[in-house]
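Novice: Next up is a structure, given as structure tokens.
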Amino acid sequence: MKNSLFRLSPTFLLFLLASSATAQTISPEITTQSGKVKGAEHQNTLSWTGIPYAKAPVGELRWKKPISPDAWQTVFDATRPATDCIQVSPDGAKGDEDCLNLNIYRPTESSTPLPVLVYIHGGNNQLGSSTEFAPAFIAEKYNAVIVTVNYRLGALGFNPLKALNDGNPLDDSGNYSLLDIKQSLAWIKDNISAFGGDRNNITVSGFSAGGRDVMAMLISPLFKNTFNKAIVFSGGMTTSDKHEAESIFAQRIAPLVVKQGIKPDAGAAKSWLLSGSPEVRHFLYQLPAADLAMLFGDAGIRMNQFPHLYRDGVVIPKDGFETKNYNAVPAIMATGQQEFSFFARNDPLFATQVKDGSLKNDTALLNKYTFANYYGGLLYSLFNVNQSAERMYKNYNAPLYGMEFRYGTDAFVTGDKLSAIGSFHGVFMPFWDKNKYAEFTQDALKLKGSQALGESFNSYIKNFLATGSPNDQTLPEWKKWTPENAAAGESLLVMDANKQKAIIYMSNKTYSYNDILTRIEQDNALSAADKKSVIKNVLNNRWFSAPLDQHFAH
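In the working numbering, the protein residues as written are 67 to 620.
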């Protein structure tokens, strides 16, 4: 009898052996191909911050494709905060030109290899940081390795001027930010196994500009076979013409030429910058990074103010998203219903009154704000998912999943603070990091319904990271985006909640661009003059507004 207590069945013995083979405790000190790195342990997660994935893009490496970092001999201190890329701020330039680094987060103890989620931050590709949110929560929640990436920004990340060309197709592309992201993925592929990640299960994700970068990666030949799945938060299809961008860059840089006394006026300076001469190249390379970072501080979300993501024919195809050659992987595209609310609040026409609380007392201005916020949201949310899905579907040989948040729109449920911005640009983020947008969401997140919605959202994403499908038997079925499902009213997973529970169901977009334009024409809430003014000055030339711009061009 005594011996029988220790007699194990062959099946159970195999189970124990398999479990011991996959169970792994990762040390904070990791050996990468460049050298050893030492991270930090925080409760149930490990982190490594600021690890270089490329040489500093300074000196002769400015406006060049990134190259692998030199090996280091001592242990790299990956407990210090990552250096952000140099960028505009209200107090002048901040950050550093030496910034091609990434952060890694994972659960302290877990089976390996784990799914890998690579996150590309937002900020119009001219602002932002790899610390856009705190990833420790989702690393543990998803049982995954989370990687966040810094990449060159603004005129250092995108620059179309022909004077920079050296005959190398990648150097000449102007798409340096995308080349950085490609280099980071190569580093991850080579090294993530040491951190317990599965190099064959990499999901790229991004929010806002980061989402648009991920969309560009889906059409870029350069990114073929570099990732296995994609998640796009509020990022639609945007590219620009490299030749047209040259003129805008030259115009922006011209005052620096005049300031140094090289040319007498802006017109002469612009012509000189467009000449492509070696002298122009020398001038650009000697410019302080801080001066370059400040060039596009007023761009907002307008491509004509800061044109980037160039259709150079190498990194991005000449025909852009009309291409038939997608890097087709399972993809999620998500949006909020009221994506324009933050941009309306911060528009110069409304910003002062929003900030001091006087907007509600100015009926005429409030009507303009309501008009801009409402139609901007309709256009932006349509752009983020439906426009992309409709264009991609014919040539995209992998599942597409569409999601739309309507959570936050009902003041009686989530309160006045959140309903002021509704299902805003970034509405998913507080379910990853409760401190994000806390000014608006902290009260709403205390509701049982909000918490249930967050649990469901995170379950869908966890499933997708692991298997390529967001579904399991515990969740409402998330059907794929197809024209047939759209026609049947079941192409978008709608995410909402009341005070007690999550409300999740399949629906579709009930309107088209033409429907919005017709409604705007018929809307009499504003005078004809005020309507024209809001369209021209607030809604114009945004990522999402091309149909609006064309329709009201007269």
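C-beta: ideal position from N, C-alpha, C; glycine also.
For Ile-133, count neighbouring Cβ atoms within 10 angstroms of its own Cβ and tell me buried if that reaches 16, exposed if not.
Specialist: For the purposes of this step, residue 133 is taken as the residue at position 67 of the sequence shown. With fewer than 16 Cβ atoms within 10 Å of its Cβ, Ile-133 is classed as exposed.
Novice: Does the Cβ of Arg-128 have 16 or more other Cβ atoms within 10 Å, making it buried, or fewer, making it exposed?
Specialist: Residue 128 sits at position 62 when you count from the first residue of the sequence shown. Result: buried.
Novice: Which same chain residues, not among the five before or five after Ile-634, have their C-beta less than 6 Å away from its C-beta?
Specialist: This structure gives no information on residue 634, because the portion of the chain shown stretches from 67 to 620.
Novice: With a cut-off of 8 Å on the beta carbons, I'd call Ala-365 and Gln-192 a contact; round off their distance for me.
Specialist: Along the sequence shown, read from residue 1 onward, the residue named residue 365 stands at position 299. Along the sequence shown, read from residue 1 onward, the residue named residue 192 stands at position 126. Indeed they touch by this definition, with Cβ atoms about 6 Å apart.
Novice: With distances taken between CB atoms, is the gap from Ala-159 to Ala-356 smaller than 8 Å?
Specialist: One-based indexing of the sequence shown puts residue 159 at position 93. One-based indexing of the sequence shown puts residue 356 at position 290. Closer than 8 Å, so yes.
Novice: Mind checking Ser-196: buried by the 16 CB within 10 Å criterion, or exposed?
Specialist: Residue 196 sits at position 130 when you count from the first residue of the sequence shown. Buried.
Novice: Assuming Ala-510 and Gly-474 form a contact by the criterion Cβ under 8 Å, report the distance between their Cβ atoms to the nearest whole angstrom.
Specialist: Here residue 510 refers to the residue found at position 444 of the sequence shown. Here residue 474 refers to the residue found at position 408 of the sequence shown. Confirmed, Cβ separation roughly 7 Å.
Novice: Does the separation of the CB atoms of Asn-450 and Gly-301 fall below 8 Å?
Specialist: Within the sequence shown, residue 450 is the residue found at index 384, counting from 1. Within the sequence shown, residue 301 is the residue found at index 235, counting from 1. Against a cut-off of 8 Å, the Cβ pair of Gly-301 and Asn-450 comes out as a contact.
Novice: Among Ala-229, Thr-140, Tyr-459, Asn-225, which has the Cα closest to the Cα of Ser-557?
Specialist: In the sequence shown, the residue the question calls residue 557 occupies position 491. It is Tyr-459 whose Cα lies nearest to the Cα of Ser-557.
Novice: I think Phe-299 touches Ala-410, with their Cβ atoms under 8 Å apart; what is that distance to the nearest whole Å?
Specialist: By 1-based counting over the sequence shown, the position of residue 299 is 233. By 1-based counting over the sequence shown, the position of residue 410 is 344. Wrong, their Cβ atoms sit about 19 Å apart, outside the cutoff.
Novice: Starting from the N-terminal side, write out each stretch of the beta strand (DSSP E) that is 3 residues or longer and does not extend beyond the segment 324-404.
Specialist: You should have 397-402.
Novice: Compute the Euclidean distance between the alpha carbons of Leu-183 and Asp-596, then round it to the nearest angstrom.
Specialist: Mapped onto the sequence shown, residue 183 falls at position 117. Mapped onto the sequence shown, residue 596 falls at position 530. Distance between the alpha carbons of Leu-183 and Asp-596: 45 Å.
Novice: Is Met-182 helix, strand or coil by DSSP?
Specialist: Here residue 182 refers to the residue found at position 116 of the sequence shown. Note that residue 182 corresponds to Val in the displayed sequence, not to Met. If DSSP states are grouped into helix, strand and coil, Val-182 belongs with the strands.
Novice: Using the rule of at least 16 other Cβ atoms within 10 Å of the residue's Cβ for burial, across every protein chain shown, is Lys-308 buried or exposed?
Specialist: Sequence index remark: in the sequence shown, residue 308 carries index 242 (1-based). Its Cβ being crowded by 16 or more others within 10 Å, Lys-308 is buried.
Novice: In chain order, which continuous runs of the beta strand (DSSP E) of length 3 or greater are located wholly inside the segment 136-205?
Specialist: Segments of the beta strand (DSSP E) lying fully in the segment 136-205: 167-173, 175-177, 180-186.
Novice: Can you give the Cα-Cα distance for Pro-383 and Phe-349, rounded to whole angstroms?
Specialist: Here residue 383 is taken as the residue at index 317 of the sequence shown, counted from 1. Here residue 349 is taken as the residue at index 283 of the sequence shown, counted from 1. So the alpha carbons of these two residues sit roughly 30 Å apart.
Novice: Compare the beta carbon distance of Tyr-376 and Pro-235 with 8 Å and say whether it is the shorter of the two.
Specialist: Numbered from 1 along the sequence shown, position 310 holds the residue referred to as residue 376. Numbered from 1 along the sequence shown, position 169 holds the residue referred to as residue 235. Going by C-beta atoms, Tyr-376 is not nearer than 8 Å to Pro-235.
Novice: How many angstroms separate the CA atom of Phe-490 from the CA atom of Ala-202?
Specialist: The residue given as residue 490 occupies position 424 in the sequence shown. The residue given as residue 202 occupies position 136 in the sequence shown. Distance between the alpha carbons of Phe-490 and Ala-202: 23 Å.
Novice: On the DSSP bridge assignment, give the partners of Asn-241 in chain order.
Specialist: Counting from one through the sequence shown, the residue named residue 241 turns up at place 175. In the DSSP output, where bridge partners are listed per residue, Asn-241 has Phe-224.
Novice: Within 10 Å of its beta-carbon, does Glu-312 have 16 or more other beta-carbons around it, so buried, or fewer, so exposed?
Specialist: The residue you call residue 312 lines up with position 246 of the sequence shown. Burial call: buried.
Novice: Kindly say whether Phe-199, judged by its beta-carbon, lies nearer than 8 Å to any beta-carbon of chain C.
Specialist: As a matter of chain content, chain C is missing from the structure shown, which is built from one protein chain.
Novice: Exposed or buried, what is Ser-85 when buried is set at 16 or more other beta-carbons lying within 10 Å of its beta-carbon?
Specialist: Residue numbering aside, residue 85 sits at position 19 when the sequence shown is read from its first letter. No answer about Ser-85 holds up, because its pLDDT of 40 lies below 50 and its placement is not dependable.
Novice: Whose C-beta lies closer than 7 Å to the C-beta of Lys-290 among residues of the same chain, with five residues either side of it excluded?
Specialist: On the sequence shown, position 224 is the one that residue 290 refers to. Closer than 7 Å at Cβ, skipping near neighbours: Asn-393.
Novice: By Cβ distance, which residues of its chain are closer than 6 Å to Ala-106, with the 5 residues on each side in sequence left out?
Specialist: By 1-based counting over the sequence shown, the position of residue 106 is 40. Here the set comprises Ser-113, Thr-145.
Novice: I want to know whether the segment 164-182 touches the segment 265-285 - three or more CB-CB distances under 8 Å.
Specialist: Verdict: yes, contact present.
Novice: Give the DSSP-derived three-state secondary structure of Trp-547 in the structure shown.
Specialist: As a working mapping, residue 547 is identified with position 481 in the sequence shown. Note: Trp-547 maps to coil in three-state DSSP.
Novice: Buried or exposed, going by whether 16 or more other CB atoms sit within 10 Å of the CB of Gln-99?
Specialist: In the sequence shown, the residue the question calls residue 99 occupies position 33. Under this definition Gln-99 is an exposed residue.
Novice: Measuring only the C-alpha atoms, how far is Asn-169 from Ala-619?
Specialist: The residue labelled residue 169 in the question sits at position 103 within the sequence shown. The residue labelled residue 619 in the question sits at position 553 within the sequence shown. Each residue's alpha carbon lies about 45 Å from the other.
Novice: Taking its Cβ as the centre, do 16 or more other Cβ atoms sit within 10 Å of Lys-528, making it buried, or is it exposed?
Specialist: Looking up residue 528 in the sequence shown gives position 462. Buried, by the Cβ-count rule.
Novice: Which same chain residues, not among the five before or five after Arg-608, have their C-beta less than 7 Å away from its C-beta?
Specialist: Residue mapping note: residue 608 aligns to position 542 of the sequence shown, counting from 1. Hits under 7 Å: Ile-367, Arg-368.
Novice: Determine which residues share a DSSP beta bridge with Trp-253 and list them.
Specialist: Locating residue 253 in the sequence shown gives position 187, counting from the first residue. Answer is none; Trp-253 lacks a bridge partner.
Novice: Just checking my contact of Ala-397 with Ala-282 at CB under 8 Å: how many whole Å lie between their CB atoms?
Specialist: Within the sequence shown, numbered from 1, the residue matching residue 397 stands at position 331. Within the sequence shown, numbered from 1, the residue matching residue 282 stands at position 216. At roughly 13 Å, the Cβ-Cβ gap does not stay under 8 Å, so Ala-397 and Ala-282 are not in contact.
Novice: Can you name, in chain order, every residue of its own chain whose Cβ lies under 8 Å from the Cβ of Ile-285, other than the five neighbours on each side?
Specialist: As a first step, residue 285 is located in the sequence shown; it is residue number 219 there, counting from the start. Correct list, in chain order: Ile-382, Pro-383, Gly-386, Phe-387, Thr-389, Asn-391, Tyr-392, Asn-393.
Novice: Does Ala-87 come out as helix, strand or coil in the three-state DSSP assignment?
Specialist: Sequence index remark: in the sequence shown, residue 87 carries index 21 (1-based). Legend: pLDDT at Ala-87 = 39, less than 50; position of this residue unreliable, value from coordinates given subsequently. In the structure shown, Ala-87 sits in a helix (DSSP, three-state: H, G or I).
Novice: Would you identify the three-state DSSP class for Ser-271, choosing helix, strand or coil?
Specialist: In the sequence shown, residue 271 corresponds to position 205, counting from 1. Note: Ser-271 maps to strand in three-state DSSP.
Novice: Of the choices Leu-445, Ile-117, His-108, whose alpha-carbon is the least far from that of Ile-96?
Specialist: The residue labelled residue 96 in the question sits at position 30 within the sequence shown. If we check each option's Cα against that of Ile-96, Ile-117 comes out closest.
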